[in-house]
Amino acid sequence: MALFVVGAFVLTSNRPEGPGVPMFLVSVPALGGLIAAGIIAVVAWFRRQERSLLVLLTVLPSLFAVYFVIGEFAFPR
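For the sequence shown, the working numbering gives the first residue as 189, with consecutive numbering after it.
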């Protein structure tokens, strides 16, 4: 979550002078962490029989991240 906040701050700073921070330095680790959290939630769901709502809330954003990554590879801009 902190990586997304830092990314939003970097993208909205709008400083034209000096070198900028490439967007992939923030977005790739953030998406990787989101996908890793989803994998851990799925493992907890099946292995430990963890059936809480918080585990499901962790899986949903990671499914969006996987969807975005697959979409980016399938239809590059």
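Heads up, the beta-carbon is just placed ideally off N, CA and C, and yes, glycines get one too.
All of these numbers come straight from a predicted model, not from anything done at the bench.
Excluding residues up to 5 positions away in sequence, 225, 229 lie with their Cβ nearer than 6 Å to the Cβ of residue 246 in the same chain.
Under the DSSP assignment, residue 235 falls in the alpha helix (DSSP H) whose first and last residues are 212-235.
Residue 239 has its alpha-carbon roughly 26 Å from the corresponding atom of residue 218. The three-state reading of DSSP puts residue 238 in coil, since its state is none of H, G, I, E or B. Here residue 244 is exposed, its C-beta having fewer than 16 other C-beta atoms within 10 Å.
Within the model, the alpha-carbon separation for residue 216 versus residue 232 is close to 24 Å.
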